[in-house]
Structure formats: C-alpha cells, structure tokens
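A short worksheet on the structure shown next.
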Amino acid sequence: MQKQNIVEQQDMPDKELKNDRKSLSILLELFKFVGPYKGKVFAALVALFFTAGLTLSVGHGVRLLIDEGFSQRSLSDLASAIQFIVIVTICISIGTFFRFYLVSSVGERVSADIRLAVFNHVVTLHPSYFETNGSGDIMSRLTTDTTLLQSIIGSSFSMVMRSALMCIGAIIMLFATNVKLTLIVLASVPFILVPILVYGRRVRALSRKSQDSMSDVGSYAGEAIEHIKTVQSYSRESEEKASFSAEVERAYEIGRERVKQRAVLISGVIVIVFGAISGMLWVGGSDVIHGKMSAGDLGAFVFYAIMVASSTATISEVFGELQRAAGATERLFEILNVESHIVAPQNDVLSTKGLSAEMVFDEVSFFYPSRKDTAAISHLNLTAAEGRVLALVGPSGAGKTTLFELLQRFYDPQQGAVKLGGVDVRRFDPKELRDTMALVPQQPALFSHDVFHNIRYGKPNATDEEVIEAAKKAHAHEFIVNLPQGYQSFLGEKGVRLSGGQRQRIAIARAILKDPTILLLDEATSALDSESEHHVQKALEALMRNRTTIIIAHRLSTIQHADQIAVLDHGKLVDVGNHAALLRSCDLYQRLVELQFKQGSRETT
1 MQKQNIVEQQ
11 DMPDKELKND
21 RKSLSILLEL
31 FKFVGPYKGK
41 VFAALVALFF
51 TAGLTLSVGH
61 GVRLLIDEGF
71 SQRSLSDLAS
81 AIQFIVIVTI
91 CISIGTFFRF
101 YLVSSVGERV
111 SADIRLAVFN
121 HVVTLHPSYF
131 ETNGSGDIMS
141 RLTTDTTLLQ
151 SIIGSSFSMV
161 MRSALMCIGA
171 IIMLFATNVK
181 LTLIVLASVP
191 FILVPILVYG
201 RRVRALSRKS
211 QDSMSDVGSY
221 AGEAIEHIKT
231 VQSYSRESEE
241 KASFSAEVER
251 AYEIGRERVK
261 QRAVLISGVI
271 VIVFGAISGM
281 LWVGGSDVIH
291 GKMSAGDLGA
301 FVFYAIMVAS
311 STATISEVFG
321 ELQRAAGATE
331 RLFEILNVES
341 HIVAPQNDVL
351 STKGLSAEMV
361 FDEVSFFYPS
371 RKDTAAISHL
381 NLTAAEGRVL
391 ALVGPSGAGK
401 TTLFELLQRF
411 YDPQQGAVKL
421 GGVDVRRFDP
431 KELRDTMALV
441 PQQPALFSHD
451 VFHNIRYGKP
461 NATDEEVIEA
471 AKKAHAHEFI
481 VNLPQGYQSF
491 LGEKGVRLSG
501 GQRQRIAIAR
511 AILKDPTILL
521 LDEATSALDS
531 ESEHHVQKAL
541 EALMRNRTTI
551 IIAHRLSTIQ
561 HADQIAVLDH
571 GKLVDVGNHA
581 ALLRSCDLYQ
591 RLVELQFKQG
601 SRETT
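Oh and the sequence shown: position 246 is 246 in the numbering used here, straight run, nothing missing.
Here it is as structure tokens:
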C-alpha cells in the first residue's frame, strides 16, 4: 500500500504540476518578515559582495603562481603570489564571519517573528477551526516548519545568493580568460537546468507530503501520550506501538522518496558539470601544449570553471531545500490567511457597560460546522433573568454545553440571536463580552505553571493577597499552603499533581477572582467530596448572589433551589419552571429525578 502511495505521488496530476511552477513564489511572502531587519540584510549583502569579489581575485593569484612563480622559477615571484593568496584568504574569512553572523541572526529573528505571528493568530481563531484542524498539526507548523524556515533564511538564502553571485562573476572571468573554452562550459547549462526544474517539482510535492506526514506522526504520539492511562488500562500498548510504527513507516517512505529525488538531482548535476570541465581541460590542455594559451591562464580558467561548477551544484542542492521551505511557508501562511468568523463588527461596536446582565436566546438554531446535518440547538427561546439562577438539565447531547459556547460567542447561531441586555451579542467585541463572564467547566483547565499563575488567570493584575483571598473563598487555601512551595508550587501539565477536587477548587478560585457579572457553572462541584462540596457550595452561593448564574446540572440535588430550571432534550426546550413545578408537569424531568434517586439509593446502600 505504501509503495502504491509513492507511485501515486510520483505521478502528480497536471494541476499539482502547475501549482509547483509557482511554488517558490510563496517564499516572497517571507520578505514582509525580513523587512524590519533590512539594515542587517544590507550589511550582509555588502559582506557578500566583498567576499565574492575577493574570491574571484584568487584566480588571478593562481595565474601569477603558475606563470610568474613556477614558469619563471622565481622564488620572489612565487612568494609574492602566495602572499597575495594568503592576504585575500584572510580578508575572505573576515567577510564570511560578518556575512554568516548577520544572515544567521536575521534567520533566528525572522523564524521567531513567524512563530509569534502564527501563535498570536491561532489564539484568536474561532473554535470551529480546531474542529477540523488537529492541535498536533498546528504544533508541527509552529515548531518543525518554522525551524525549517530558520535554516532556510539563516543559511540557504545566503548560499543561493553567494553561489549565484559567484557563478555570474566566474562566468564573466571565464569569458575574459578564454571565449572558446567558456562556450564549452556554458553548453552544459541547459543539461543542468532541465533536471533542476523537473526534479525540483517532485521534491517540492514530496516535501509538502513529508511535512504533513510528520505532522500526523506528532499528532498520533501526542494523543497516545495524553491518554496514556487509558492506553495502559485497556492494555493497548502493543496495538498503539503497531499503529504508531505504521505512521512512522509511512512518513519514512515519503521522506525516503524525497531524499532519493534530491540525490538523483544532485548527482546528475555533478556528472554534467564535471563532464563539461573534463571536456574543457582536454581542449585547454591541447592549447597549452601548442602554445595557444599559457599554463597560468589555463589554471585560472580551471579555477573559475570549478567555481561555476561548485556554485551550480550548491544551487541545485539548495533548490531542494527551497522547495521544502516553500512547502513549510505554504503551511504556515495557510494558518495566517485564515480569517476568524467570530470578530467584532466593523462599525458601531457597542459596549457591555451599563447593560443589564439578562441573557436571552431568541429563536436560536445552531449546527456545528462538522455536523451540519444535525441541529445541536433547534428554535430555542430561553431567558436567564438578571441576578437569578437558571439551571440547565437534560440527558447527554441535549445541548447544554452548546448553550454555554453560544453565550460566550465561541460560535454564532445560524438562526436567531443570543442577547445580552436586549442587544445581540454580535454587536459587541467578543473579548469585552467574555470579560463579563466567568466559566467553571466540569473538567478544569490548568496550565503548566504555579498556583498563583493559574488562579490569577482570571484577573492578571490581581495582587497576591487577592489571589489568596479568592482561594480561601473557594476553600482551596488549606491544601495549597500544604503543597511543597505553597502558592508557588508547580502544578504540572493540566494540573496533574493535584486531585480532581483540588483542580476544581483552583478553577472556582479563578472565577471568584474575576468577579464577573455572569457566572457559568458546568456542575462546578461534581468532582468534590461531600465535605469540600459543602464548603464550596457555600462559597458559590455567596458568589452567585445578585449575579446572573447559569448552571449545567448533572446532579439535580444541587439545583433544586434554582430560580428556574430549563429542561432540554435533543437541542429543544422541553419545559421551564422551578423544581416543584417541573416535578408536577414535566415527564422528562420526573424520569431524570427518579433515575438519580435510584442511583443515589444504590450508592448509599
């Protein structure tokens, strides 16, 4: 199957070939990142021209060495020729140092700027983008692709420019030395360009496939490691190893084919170039024997011919790297060119200040982009009154979490409107809208940082005293001070060093610190033990007072005192009322209560 894939990759369709003809043009997009450093680039170009000119002058030194030193058998002339070559070499090394340093530093800086630009853009994209684009693929572009561009900008571009400049200069010197021999050398140029163009297209196409396949490898490994406990719990290590091996093997086969095409390109160019040089040596050597040109001229000509050959070989080799860079640039700019669907209106942006904290779903219908044939929410009309508590209940898949995502404007409904204070939320800047809310999810999101950072995420400018006070209100202070470094303790990836209940209390403290006007609780006490739940419930009751609070309830016992309870099923509103009214009028609510009562009885028993 893998061999078949490689064959298909070699037999690229006409459309892909047409795209490859303009593949390198996408590299021009990089100049917008290079522009701010034009001073360093200019200095590097000066150093480049300086060293190129000095390198070309070595040919004159070779001519002096042979004609004046060897032929005349003069030690003084020999010493002068060697002294000239040594001085030129020292100057070349100094110029090369500055050229390499300047170009490499620009490459490092530009790759860092690209990483920042991509990341800064990614964090503003609408959540639906991440439904169809895996985090592993995005990470591959942020790391692997930008690292490749760093190498290209910091090295390959410089090598291409240097080789092109040396090639042009050497050809001029060839003509100046001997026209007949120069024409022999240049006759090989078409035979060099053809394989570069033909194999270059194949290398570029395979480079893009190779980068995509490596992204798949990273995604698979990341997913397996993230769920390592599940893998080991189900004893699936062997199957995961086999599946990962298949992914790696597929990436290897594509990479091997790419390397093979590059090897064919480079070796072919070398054979053609040095074949031309061999022909030139035969003709030139004959002219020297017959006295038509001096041995020094032939030596200088050979030097320039070798420069042309080596420069051409370098260009052909770097051309493959540029093809890879084109693929990496294309992948990065695919992200940069994505426009977020969730943005502030271009005109007449309204402010949330002074508006009531009443949330309204007005005839809302919504379909997830990845599931356009199934309505997640259908013709929903629901109001969360200001300062009141609205609980959302229903079986799994009823649409409760979707309502939270619409409230925070992670998505926009296809029909109807979500309103804050009577105003469509699409009239606000999404950031300002979300600043009015605090979410405590069922699975809290903690970062690989210390406790201070994780709680302060709700209010970045909060003092240490405010953080500690929020932790106390969330009944998290006691276990935090018992951590090895207290509030400065590193929590590990996703808070792995804490228990589920401790992670939940950190998330609650974060929401308390933010002090929002609208509180979104996805059963924030579900992971707590009975004693902690009692304390946190008291803290939440104080936090919820005089705030618009919407709760996704998984345990109905926690929301019996809610002002209103909305019963959902398959994205539709079944009934609304308080606990007592729903027990009398709503069959679905009655069944949910009975199921939990029976489950609670069994657990008690």
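Glycine included, every Cβ here is placed at the ideal spot set by N, Cα and C. Note that the structure is a prediction, hence the values are computed from the model and not measured.
Backbone CA spacing between residue i and residue j [nearest angstrom]
| i | j | result |
| --- | --- | --- |
| P484 | D575 | 50 Å |
| C167 | L174 | 10 Å |
| F98 | T89 | 15 Å |
| E249 | K241 | 12 Å |
| Q596 | V440 | 23 Å |
| E523 | V217 | 36 Å |
| L540 | G500 | 18 Å |
| A190 | S156 | First, the amino acid is wrong: residue 190 is Pro here, not Ala. Those two C-alpha atoms are separated by around 23 Å. |
| V185 | F301 | 11 Å |
| N578 | I565 | 6 Å |
| Y487 | D464 | 9 Å |
| E339 | L125 | 7 Å |
| Q211 | D137 | 10 Å |
| A553 | L573 | 15 Å |
| L491 | H477 | 15 Å |
| N381 | F31 | 51 Å |
| I196 | I315 | 9 Å |
| K22 | R236 | Low per-residue confidence applies at K22: pLDDT is 45, beneath 50, and the placement is therefore not dependable, though the value from the model is reported in the following sentence. Spanning the two alpha carbons is a distance of roughly 46 Å. |
| V118 | T144 | 13 Å |
| A497 | Q415 | The sequence as given places Arg at residue 497; Ala does not occur at that position. Spanning the two alpha carbons is a distance of roughly 44 Å. |
| A581 | Q560 | 11 Å |
| T517 | C586 | 31 Å |
| F100 | F84 | 24 Å |
For residue j and residue i, believed in contact at Cβ under 8 Å, the rounded distance
| i | j | result |
| --- | --- | --- |
| V273 | S188 | 6 Å |
| G571 | A376 | 5 Å |
| G154 | S104 | 4 Å |
| S378 | S365 | 5 Å |
| S128 | Y411 | 6 Å |
| L520 | L556 | Wrong, their Cβ atoms sit about 18 Å apart, outside the cutoff. |
| L265 | V203 | 7 Å |
| R409 | I342 | 6 Å |
| R547 | G387 | 7 Å |
| I87 | G296 | 19 Å between Cβ atoms; not a contact. |
7 Å CB neighbourhood of residue i in its chain, flanking five on each side removed
| i | result |
| --- | --- |
| A389 | Per the sequence presented here, residue 389 reads as Val, with Ala not at that position. Closer than 7 Å at Cβ, skipping near neighbours: M544, T549, I551, A562 and D563. |
| I270 | A313 |
| V41 | V34 and V106 |
| L56 | G169, A170 and M173 |
| M139 | G218 |
| R162 | L48 and A52 |
| L588 | V567, D569 and V574 |
| I92 | T51, L54 and T55 |
| I480 | V451, A471, G486 and Y487 |
| Q590 | L583 |
| I114 | F33, T146, L149 and L332 |
Same chain, Cβ closer than 8 Å to residue i, five either side skipped, listed in chain order
| i | result |
| --- | --- |
| F303 | V58, G59 and V62 |
| T132 | P369 and S370 |
| L422 | One detail in the question is off: residue 422 reads as Gly in this sequence, not Leu. For G422, where only same-chain residues beyond five positions count, the Cβ hits under 8 Å are L355, S356, E358 and V360. |
| D424 | A417 and V418 |
| K514 | A438, G458 and K459 |
| P321 | As written in the sequence, residue 321 is Glu, which differs from the Pro given in the question. So the qualifying residues of the chain are S151, I152 and S156. |
| P413 | V364, S365, F366, I377 and L406 |
| F244 | V217, Y220, A221 and A224 |
Own chain partners of residue i with C-beta closer than 6 Å, once the 5 adjacent residues on each side are dropped
| i | result |
| --- | --- |
| R456 | A462 and V467 |
| G631 | The displayed coordinates of the chain run from 1 to 605. Any statement about residue 631 would go beyond what the structure contains. |
| V318 | S156, M159 and V160 |
| R510 | I455, Y457 and G458 |
| T182 | L174 and F175 |
| P430 | I342 and R409 |
Cross-strand partners of residue i (DSSP beta bridge)
| i | result |
| --- | --- |
| D569 | K572 |
| D464 | Paired residues: none, contrary to the question. |
| L382 | F361 |
| T549 | V389 and L519 |
| F366 | I377 |
| V423 | L420 |
| Q657 | Any answer about residue 657 is impossible in this case: the structure gives the chain only from 1 up to 605. |
| M437 | I518 |
| L174 | DSSP output for L174 lists no bridge partner at all. |
| G428 | As written in the sequence, residue 428 is Phe, which differs from the Gly given in the question. F428 pairs with L350. |
Residue i Cβ short of 6 Å to the ligand PLP heavy atom set
| i | result |
| --- | --- |
| N546 | Because no ligand of any kind appears in the structure shown, any question about the ligand PLP cannot be addressed here. |
| field | the region 280 to 288 / the region 320 to 335 touching (three or more Cβ pairs under 8 Å) | value | no
message = If contact is defined by three or more beta carbon pairs under 8 Å, each pair taking one atom from either stretch, is the region 430 to 437 in contact with the region 385 to 403?
response = They do not touch, by the three-pair rule.
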